[in-house]
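See below for the structure under consideration.
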Ligand SMILES: [Zn+2]
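Residue numbers (the numbering used here): 188 to 433.
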């Protein structure tokens, strides 16, 4: 049943979208891809970046993993299989994207597993906890600073703080830091609330995620942003001091 839906969908795509965009597909096939934006998003089935942003084939280079996380750079690089880092490297060094967006989201199962830790339902899995431990310090910091606050609030703050953490980790890759400082690359920390259909972006000046309306792009991390402005600790400290608006 599930697969039949896919095949029916593909038939519809061939007869509809593909035909309507034949020129685009032919151009992309002949000239190759040249997306200007990399989006690192969660593997969650509800938050497809292409659908959320209504983009076309060729517009965005996408990496999806559990929790929309970016690990810190492994320096010097080792022989393990760095799936997310290699995709980011290809997008930044190979394709020369001008923007990197980290797109976290509400009700993230990966972040919930991280928050629940060894008491959680996925604690016995082979790879999940090692992967999400990218944001372990962030999780611990939120648990400490927001002690006593409702679990839902804690999970959401960890979701957002993990996005900030991933932006910070992006800057540990020398070829990303160089491009940001040269003004060739801008980083964005986004969080999508799927229950409200609202997108939020980190405002580095206030260390708060603020609703994005229209095409406002002020809330970005560029060459003018101090690295200290985008640390998870600063974000957590600001959130801890006030009632967050989600
Ligand atoms: Zn998720």
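Where a beta carbon is used, it is the ideal one built from N, C-alpha and C, also for glycine.
Beta-carbon proximity check, residue i vs residue j, cutoff 8 Å
i: residue 329; j: residue 341; result: yes
i: residue 363; j: residue 279; result: yes
i: residue 295; j: residue 213; result: no
i: residue 258; j: residue 272; result: yes
i: residue 425; j: residue 394; result: yes
i: residue 289; j: residue 254; result: no
i: residue 408; j: residue 375; result: yes
i: residue 391; j: residue 417; result: yes
i: residue 222; j: residue 282; result: yes
i: residue 322; j: residue 309; result: no
i: residue 381; j: residue 250; result: no
i: residue 332; j: residue 423; result: yes
i: residue 268; j: residue 261; result: no
i: residue 370; j: residue 419; result: no
Best match in the options for proximity to residue i [C-alpha to C-alpha]
i: residue 349; options: 291, 395, 306, 372; result: 291
i: residue 399; options: 240, 252, 413; result: 240
i: residue 247; options: 226, 302, 420; result: 226
i: residue 358; options: 287, 206, 381; result: 287
i: residue 263; options: 338, 361, 379, 193; result: 361
i: residue 293; options: 423, 378, 193, 415; result: 378
i: residue 353; options: 229, 205, 410; result: 229
i: residue 327; options: 368, 338, 302; result: 302
i: residue 368; options: 335, 344, 339, 411; result: 411
i: residue 335; options: 427, 219, 198, 216; result: 427
i: residue 252; options: 231, 237, 260; result: 231
i: residue 344; options: 413, 383, 266, 396; result: 396
i: residue 256; options: 236, 215, 318; result: 318
i: residue 373; options: 413, 238, 421; result: 413
i: residue 224; options: 218, 215, 217, 236; result: 236
Beta-bridge pairing of residue i - partner residues as DSSP gives them
i: residue 234; result: Bridge partners of residue 234: none, in fact.
i: residue 378; result: 291, 387
i: residue 397; result: 388
i: residue 408; result: 374
Cβ-heavy atom distance, residue i to ligand 1, below 7 Å
i: residue 231; result: yes
i: residue 292; result: yes
i: residue 335; result: no
i: residue 296; result: yes
i: residue 254; result: yes
Within-8 Å CB hit, residue i to chain B
i: residue 276; result: Annotation note: the requested chain B is absent from the structure, which comprises a single protein chain.
* What runs of the alpha helix (DSSP H), each 4 residues or longer, lie entirely inside the region 218-273? -> 236-240
* Asked: In chain order, which continuous runs of the beta strand (DSSP E) of length 3 or greater are located wholly inside the region 281-367?
  -> 286-292
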